[in-house]
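Asks: Residue numbers (numbering that gives the first Met the number 0), protein chains in the order written: chain A, 0 to 327; chain B, 0 to 327; chain C, 0 to 327; chain D, 0 to 327; chain E, 0 to 327. Cβ coordinates follow ideal geometry from the N, Cα and C atoms, glycine included. Because the structure is a prediction, the values reported are computed rather than measured. Below you will find the structure I want to go over with you.
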Amino acid sequence: MIRSLHYSPDGKIRTDIPQGEFILLKDTEGGVLWIDMYGEDKPNYKLILERIFDFHPLSVDDALEKTHVPKVDDWGKYLYLVLHDFELVEGPSASVELMELDIFVGQGFLVTYHTQKIKALERVWESCEWDPRYLKRGALNLFYHLADRLVENHLPVFDQIELGINELEDQILHAPKEDTLERIFDLKRSLLRLRRIITPQREVFHKLAHNDFSVVETEQGYFFRNIYDHYVLLNDLTESLRELAASSLEVYLSAANNRMNQVVKVLTIITTMFMPLTFITSLFGMNFFQLEFSVFTPMGKIGLVIALVCLMVVPTLMFLWMRRRDWM
Amino acid sequence: MIRSLHYSPDGKIRTDIPQGEFILLKDTEGGVLWIDMYGEDKPNYKLILERIFDFHPLSVDDALEKTHVPKVDDWGKYLYLVLHDFELVEGPSASVELMELDIFVGQGFLVTYHTQKIKALERVWESCEWDPRYLKRGALNLFYHLADRLVENHLPVFDQIELGINELEDQILHAPKEDTLERIFDLKRSLLRLRRIITPQREVFHKLAHNDFSVVETEQGYFFRNIYDHYVLLNDLTESLRELAASSLEVYLSAANNRMNQVVKVLTIITTMFMPLTFITSLFGMNFFQLEFSVFTPMGKIGLVIALVCLMVVPTLMFLWMRRRDWM
Amino acid sequence: MIRSLHYSPDGKIRTDIPQGEFILLKDTEGGVLWIDMYGEDKPNYKLILERIFDFHPLSVDDALEKTHVPKVDDWGKYLYLVLHDFELVEGPSASVELMELDIFVGQGFLVTYHTQKIKALERVWESCEWDPRYLKRGALNLFYHLADRLVENHLPVFDQIELGINELEDQILHAPKEDTLERIFDLKRSLLRLRRIITPQREVFHKLAHNDFSVVETEQGYFFRNIYDHYVLLNDLTESLRELAASSLEVYLSAANNRMNQVVKVLTIITTMFMPLTFITSLFGMNFFQLEFSVFTPMGKIGLVIALVCLMVVPTLMFLWMRRRDWM
Amino acid sequence: MIRSLHYSPDGKIRTDIPQGEFILLKDTEGGVLWIDMYGEDKPNYKLILERIFDFHPLSVDDALEKTHVPKVDDWGKYLYLVLHDFELVEGPSASVELMELDIFVGQGFLVTYHTQKIKALERVWESCEWDPRYLKRGALNLFYHLADRLVENHLPVFDQIELGINELEDQILHAPKEDTLERIFDLKRSLLRLRRIITPQREVFHKLAHNDFSVVETEQGYFFRNIYDHYVLLNDLTESLRELAASSLEVYLSAANNRMNQVVKVLTIITTMFMPLTFITSLFGMNFFQLEFSVFTPMGKIGLVIALVCLMVVPTLMFLWMRRRDWM
Amino acid sequence: MIRSLHYSPDGKIRTDIPQGEFILLKDTEGGVLWIDMYGEDKPNYKLILERIFDFHPLSVDDALEKTHVPKVDDWGKYLYLVLHDFELVEGPSASVELMELDIFVGQGFLVTYHTQKIKALERVWESCEWDPRYLKRGALNLFYHLADRLVENHLPVFDQIELGINELEDQILHAPKEDTLERIFDLKRSLLRLRRIITPQREVFHKLAHNDFSVVETEQGYFFRNIYDHYVLLNDLTESLRELAASSLEVYLSAANNRMNQVVKVLTIITTMFMPLTFITSLFGMNFFQLEFSVFTPMGKIGLVIALVCLMVVPTLMFLWMRRRDWM
């Protein structure tokens, strides 16, 4: 699907422009042409990008072929950028879905290409359809607003992950479930994926902010510095969350050990209490002490008293000894 | 709430200046105008910052919108800084509360904005109200004193955390409690938050000290170098404390293992002592040895002696064997 | 085995060129001479490289002697490169086999040397035999296509390793096998080997992309930038996979602990239930309670009822107590 | 306590110089004035440093106020340095005591300030009192000898720590004591403190060696390079020792696990041997087998033989089975 | 012991040159004088180095005093280098012995000093005694060959360590011995020592290769680049081996845990099988069931059948339950 939008210097906004006009509109002074290509109709996109916009075949291949880390390539008259949006997939596993967004931005045009729906882009597009605010300062400013909306959408994802870690920690310490370990593992994996996006994305905006490119003017650099600051924050957050996730595994191990300790203590207490008792009763069950020791004979009465005293004293002593060792 | 304070070159200090005069006072040669904005009345603050002080809209947005890592932006005629103060929240959990302080400083003015009460700022303000000492060397020197007071307030927080770790270590090694693990985890989290503040804050003063900015003169650089040294120290401390907190988890695991070891040893000793005993008594309880083996028959007497000897010898052997294995 | 292939500027492709002609063909303007040396016939190769191509003896020694990390050496008129291809060895152990590829590339020639079959090279060679597409832009462009094919072959290896980790994680969490630990260890080792290749390989293409060499023209730099981007991605992947492999070990430990916990709980439950029971039966087995307590006497009947009540009540109490402790 | 020492260019050494003469002597060409201030008489020291030597108030504050990481500040006519000496506190805990030494060094003077006795300084002072060897090449050379003696005193401390680690390792592997864990923890803490000193101290001498300062001449740079090399060595040592201390914790855990394993094995062997035995004896203790089965009846004899055979065979089988499992 | 060897430009090789001639021979154009000092006769060596060769006293002290990390110091007319050779000490502990080699190299001379026998040096010396191949290109080229032989001797050491790790891993996973833990610890220590040598040694050759020194000519730089590549490889190897050694500890812990798990399972199975059985037999051993329940009475027969049925059914049920839990 190809959508197009043109802002002419006199303030008019047109949409659904025929492809034939692209070549004329892309270089109008003060105007902005935004082409958004969404989906898999690659041959057609390739044609537009190479023929109409005259982009270098290498950068076009980069854009239409999918797996890339975020980067910015300077091709003189235009910049080619790869950015990523991401969303938390619904469900308990805190897994992150990445969505690639390829961008070509030049003096008078912005071309975006993506195969998944990107919310930030939709919202900027919608507001552009009737409001020239984002458009009147040129294509690069439009791109700035797109990136700004993108980064704004990132923070809630991190908030949710942080929440998830807190919840996990609570679970680990107080009531571990069957899938706790799996969730920790998933969390680590998601954070690794995010880091692989966030760090280079930060570098992209660092480069944009510090005026490495002829396309970007000094004043615009300030704007990108702003976005760069956001990514610095997100990058720090990723690192912190990764460390928290890492220690949650160790805490899990410690907490499991603790619980085992409790169980083994109980086992030991029970064994320590009953083994001597059973020995005593077993002792008086030997055949040597027979009918003569029946409860109705005097010897039996003495024996019974001795046996009962032992059965009282031994566990009491055991109890006191275990108490002194701080077990109960 | 907006507070204002003006020091005129002739040494007079005025407070509660009407907003209308700000624009006149902000550029008096040798004078210092300090505006402190505290709280949430953002629209009004925005007006003052953009209209009266003519700050760039981007830096004003940065200041009034909250989450930022510490940084310094050079806007030519003024510097925009984000710093953070922090305090330990009362309670056992050693959690840290961060308080953002936004600062605009130029030739003749200092504008501070914060949404929480910052003790260091209050103390500087109070002493400024009647004492021109901090004011007479200009706005940047006033800012230096503010930053100096800020960093002075940081060290006690670290001391308390170090104390907390020592206490925890003691607890881990000698008497672990239910919440020990939770406290270790909280500690790690607090130190992660502090690091996220301390490291960029150090960078801010590194930049100020090494004269990257036209606003800062060489002589003033020396002062900021002093504050920079403090942050270097704090940064090293944070790293050291993080490593200590990390190893405290491992020590916890080891100590728990130790205790379990003790318990399992006792279990084994008891089992090893009593299982053979119970077997012996049980052996002589079999029906094969009946009335004829009663203690009053000769055979019974021999049997009893054999049984009793076994009951004495077996545990003694067990005891000696366990002794040789260093268990008791 | 020596193969040769020559593309003359007029578009003709010749193969199996006699060694005597190499010296004439290697410098034809616009032509490309590709010599591929495969196997162990080193003295002959040495002769060709040193006499015919006049390469520096040091670089020739480098090429024919095997162990090297990837690198690029600039020898003025030609570049000497060491690259590595790798393949997963079939079998459960996820071990990686490295294959060194030595490359000399100059204005009009490409010389490759390897001792193992390298699939990427075979495919490029085959397509060159009848298709001048890779040849007509010169030797460096031919090398680019070779490197491009090489990097394309890398990604599936990583995909398989990632799959292996996922499978392992599943195994660890749900049904650990005897060789799980060994596989984790093998995985770590393979990833260490890959990292030792990928990181310097990335640096090689970084250097080629950023025009450090007189042999490489600016336009060609763009192409190598493309390959460099791939290696950046692969490098990130290696790091992420290494971290996942590392945490899988910790998860393994935690999961094993969990299972032990379960087992020990069962042990404790059984012991806790039956020890008191056995004590009670053993108590009523003492000789003091004899014939008079037979089930047919009134006292015996009372005794039996008491005994049975105890045998019912004690396990019930134990059960309730364990339930309160969340064990069942 | 203030000590003073003056070397005049004609070779005379005077000590106990009245404070009034300091101002005259500090700038004599070719002479060296060394003032050593030891203890807490800060107001007086401040007077001397600010009035007589005319040091910048900031550097004087730095010196007299205590906590600092090692650093060197260039104040044009003089250098201000913070160095640290350290000693192992006697006792089992391997804890390290740090001692700050503040130094001002200029063309003709050296001022040292410290609150604890520093052995290296004492020894240099003593030899200076009667031997002009250290003095005749100027104040900076005197400082070099002081630093050289300081670094010489560091190495034995590291040797002792390494010895302590070896001893600990031996203890961990062969006979862990109650305080082993505590000692590991103390060791880690000491090494963290040392690192916080050694790394910046190394940087100080790196700066001195590479002629960043107008006070230091090229020839003198060679001398400081020598000290820098020592600190590089110490820094590497610190890192290595830290890693060894870190792995000693893991080894501790493994060794404890090993011992537990041994204990649990014994428990299992005992249980596995005696449980079946006790069952058998208990079986023949059931009331079904009564008087008729007495050892004097034929049935009883058969029964007894069966029982005894079981009592022999079962443990033998168990023993063989456990042997096959490599337990004994 | 002092050995000497002189190569004169006309191709003659002399050995055992009297010390008096050193001063004449050291500067002959195109000639090479190699002095090798081995052992502890330091005063004599000092004399030669300071008087005859006129080396700076600081570098001479550096050479004769032992502990140093590898480094290269440029003293203008000559280079002073510290390198280390190392060998595996025979025995199971994989410990590494370091041997320092101090080198002075200038236009026409090479002076080496060492206190232990260094194999690489011996072999170069021997071949130099009758073969001018290494000598005819000057002193620096001679040094190159010495360094080349040195690095060639390093690789087998690493191979042996890698072999040792593989063996250890096998031991850990399949048959841990008493000293396994100790060997892992020794291995880690050895690798730490190697890293402390390899990394700075690599830097030495990096500096030599990149022409930082007036003594080294461009062409010679190529040679040192070759050695540098070797050290890069060795450095990577050290890091990889360190990571493998580190994970071997974790694997050890996991494997020990696994074995414990097995043992505890057996313990639990035995307990779970026999505790109920013993309870049942003990139940029928109570005095309530007396003579009347003898096997010869009808009630006794019923009782025995019930008892035997229980003794068959209970373990079968237990077995099935444990099977469902995947324990057997």
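(1) Check this for me: beta carbons of D/LEU248 and D/ILE164, under 7 Å apart or not?
(2) Run the CB neighbour count on A/HIS144, radius 10 Å, all protein chains shown included, and call it buried at 16 or more, exposed below.
(3) Kindly say whether C/LYS76, judged by its beta-carbon, lies nearer than 7 Å to any beta-carbon of chain E.
(4) Would E/GLY137 pass as an interface residue toward chain C - the criterion being a Cβ-Cβ separation below 7 Å?
(5) Measuring only between beta-carbons, confirm whether A/LYS187 sits less than 7 Å from chain C.
(6) Got a sec? Which residues, its chain only, sit under 6 Å from E/ILE197 by beta carbon, not counting five neighbours each side?
(7) What residues of chain D sit near B/SER239, judged by a beta carbon separation below 7 Å?
(8) Chain C partners of E/LYS328, CB-CB under 7 Å?
(9) How long is the line joining the alpha carbons of D/ASN260 and E/ILE268, rounded to whole angstroms?
(10) Would you identify the three-state DSSP class for A/TRP124, choosing helix, strand or coil?
(11) Here's the rule I'm using: 16 or more other beta-carbon atoms within 10 Å means buried, otherwise exposed. How should B/HIS153 be labelled?
(12) By the criterion of Cβ-Cβ separation under 7 Å, what are the contact partners of A/THR277 in chain B?
(13) Quick check: the stretch 20-39 of chain B against the stretch 131-149 of chain B, are there 3 or more CB pairs under 8 Å?
(14) Using 10 angstroms around the beta-carbon of B/GLU369, count the other beta-carbons present and answer buried if the total reaches 16, otherwise exposed.
(15) May I ask you to list, following chain order, the residues of the stretch 281-301 of chain D that have a beta carbon less than 7 Å from some beta carbon of chain B?
(16) Would A/GLN18 be called buried (16 or more neighbouring beta carbons within 10 Å of its own) or exposed?
(17) Could you tell me if B/HIS113 is buried or exposed, where buried requires 16 or more neighbouring beta carbons within 10 angstroms of its beta carbon?
(18) In the DSSP output, which residue or residues are listed as bridge partners for C/VAL156?
(19) Should D/LEU141 be flagged as near chain E, meaning a C-beta pair shorter than 7 Å?
(20) By the three-class DSSP mapping on this structure, what secondary structure does D/ILE34 have?
(21) Helix, strand or coil for A/THR315, going by three-state DSSP, please let me know.
(22) Do A/LEU190 and A/PRO241 have their beta-carbon atoms positioned less than 7 Å apart in this structure?
(23) Considering only their Cβ atoms, is the gap separating C/LEU78 from C/VAL68 smaller than 7 Å?
(24) Nearest to A/THR27 by CA position, among A/GLY105, A/THR14, A/ASP40 and A/MET98, is which residue?
(25) Taking 6 Å as the limit between beta carbons, can you name the residues of its chain near C/GLN219, skipping five residues before and five after?
(26) When you compare the stretch 267-286 of chain D with the stretch 284-298 of chain B, are there three or more beta-carbon pairs, one atom per stretch, that lie closer than 8 Å?
(27) Scan the stretch 247-258 of chain A for residues whose Cβ lies nearer than 9 Å to a Cβ of chain C and list them as they occur along the chain.
(28) Quick one: what does DSSP say A/LYS70 is sitting in, helix, strand or coil?
(29) Which runs of the beta strand (DSSP E) fall wholly inside the stretch 190-250 of chain D and span at least 3 residues, in chain order?
(30) Does C/TYR221 have its Cβ less than 7 Å from a Cβ in chain A?
(31) Roughly how many angstroms lie between the CA atoms of E/TYR44 and E/GLU168, to the nearest whole one?
(32) Listing by chain order, which chain B residues have their CB less than 9 Å from the CB of D/ASP61?
(33) Listed from N- to C-terminal order along the chain, which residues in the stretch 156-171 of chain D have their beta-carbon within a distance smaller than 7 Å of any beta-carbon of chain E?
(34) Buried or exposed: where does C/HIS209 fall if 16 or more other Cβ atoms within 10 Å of its Cβ makes it buried?
(35) Along the beta strand (DSSP E) that carries C/ASP101, what are the first and last residues, could you check?
(36) Excluding sequence positions up to five away, which residues of its chain have a Cβ less than 8 Å from the Cβ of D/LEU97?
Replies: Taking the coordinates as given:
(1) For the purposes of this step, residue 248 of chain D is taken as residue 249 along the fourth sequence, with counting starting at 1. For the purposes of this step, residue 164 of chain D is taken as residue 165 along the fourth sequence, with counting starting at 1. Cβ distance not < 7 Å, so D/LEU248 and D/ILE164 don't count as in contact.
(2) For this step, residue 144 of chain A is matched to residue 145 along the first sequence. When all chains shown are included, A/HIS144 counts as buried.
(3) Indexing the third sequence from 1 puts residue 76 of chain C at position 77. Taking Cβ atoms only, chain E never reaches closer than 7 Å to C/LYS76, which makes this a no.
(4) The residue given as residue 137 of chain E occupies position 138 in the fifth sequence. Cβ-Cβ to chain C under 7 Å: no for E/GLY137.
(5) Within the first sequence, residue 187 of chain A is the residue found at index 188, counting from 1. Taking a beta-carbon distance threshold of 7 Å, A/LYS187 counts as an interface residue toward chain C.
(6) Numbered from 1 along the fifth sequence, position 198 holds the residue referred to as residue 197 of chain E. These residues qualify, in order along the chain: LEU233, ASN234 and THR237.
(7) As a first step, residue 239 of chain B is located in the second sequence; it is residue number 240 there, counting from the start. Here the neighbours are LEU191 and ARG195.
(8) Residue numbering for chain E in the displayed model covers 0 to 327; residue 328 of chain E lies beyond these limits and cannot be assessed.
(9) The residue labelled residue 260 of chain D in the question sits at position 261 within the fourth sequence. The residue labelled residue 268 of chain E in the question sits at position 269 within the fifth sequence. Taking the straight line joining both Cα atoms gives about 17 Å.
(10) Taking the first residue of the first sequence as 1, we reach residue 124 of chain A at position 125. Residue state, collapsed to three classes: helix.
(11) As a working note, residue 153 of chain B is residue 154 in the second sequence. Its Cβ being crowded by 16 or more others within 10 Å, B/HIS153 is buried.
(12) Numbered from 1 along the first sequence, position 278 holds the residue referred to as residue 277 of chain A. Near A/THR277 (Cβ distances below 7 Å), the residues of chain B are THR277.
(13) yes
(14) Any property of residue 369 of chain B remains undetermined from this structure, which presents chain B solely from 0 to 327.
(15) SER281, PHE283, GLY284, PHE288, GLN289, LEU290, PHE292, SER293, VAL294, PHE295 and GLY299
(16) For the purposes of this step, residue 18 of chain A is taken as residue 19 along the first sequence, with counting starting at 1. When all chains shown are included, A/GLN18 counts as exposed.
(17) The residue you call residue 113 of chain B lines up with position 114 of the second sequence. The residue is buried, with at least 16 neighbouring Cβ atoms inside 10 Å.
(18) Locating residue 156 of chain C in the third sequence gives position 157, where the first residue counts as 1. Partner(s): none; C/VAL156 has no beta bridge.
(19) As a working mapping, residue 141 of chain D is identified with position 142 in the fourth sequence. Not closer than 7 Å to any Cβ of chain E, the Cβ of D/LEU141 fails to qualify, so no.
(20) Taking the fourth sequence and counting its residues from 1, one reaches residue 34 of chain D at position 35. It is a strand residue.
(21) In the first sequence, the residue the question calls residue 315 of chain A occupies position 316. In the three-state DSSP reduction, A/THR315 falls in the helix class (H, G or I).
(22) In the first sequence, the residue the question calls residue 241 of chain A occupies position 242. In the first sequence, the residue the question calls residue 190 of chain A occupies position 191. The sequence given here places Arg at residue 241 of chain A; Pro does not occur at that position. A contact, by the Cβ cut-off of 7 Å.
(23) In the third sequence, the residue the question calls residue 68 of chain C occupies position 69. In the third sequence, the residue the question calls residue 78 of chain C occupies position 79. Their beta carbons are not under 7 Å apart, which means C/VAL68 does not touch C/LEU78 by this criterion.
(24) The residue you call residue 27 of chain A lines up with position 28 of the first sequence. Considering only alpha carbons, the answer is A/GLY105.
(25) As a working note, residue 219 of chain C is residue 220 in the third sequence. Apart from the 5 residues on each side of it in sequence, C/GLN219 sits with its Cβ closer than 6 Å to the Cβ of LEU139 in its chain, given in chain order.
(26) yes
(27) LEU248, GLU249, TYR251, LEU252, ALA255, ASN256 and ARG258
(28) Sequence index remark: in the first sequence, residue 70 of chain A carries index 71 (1-based). In the structure shown, A/LYS70 sits in a strand (DSSP, three-state: E or B).
(29) none
(30) One-based indexing of the third sequence puts residue 221 of chain C at position 222. Answer yes: the Cβ-Cβ gap between C/TYR221 and chain A drops below 7 Å somewhere.
(31) Looking up residue 44 of chain E in the fifth sequence gives position 45. Looking up residue 168 of chain E in the fifth sequence gives position 169. If I take the Cα positions, the gap works out to 48 Å.
(32) Locating residue 61 of chain D in the fourth sequence gives position 62, where the first residue counts as 1. Within 9 Å Cβ-Cβ: ASN225 and ASP228.
(33) GLU168
(34) As a first step, residue 209 of chain C must be located in the third sequence, where it is residue number 210. That one is exposed.
(35) The count along the third sequence starts at 1 and reaches residue 101 of chain C at position 102. Per DSSP, C/ASP101 belongs to the beta strand (DSSP E) from 95-105.
(36) For the purposes of this step, residue 97 of chain D is taken as residue 98 along the fourth sequence, with counting starting at 1. If we look at D/LEU97 and ignore the five residues flanking it on each side, its Cβ neighbours are HIS83, ASP84, PHE85, ARG192 and ILE196.
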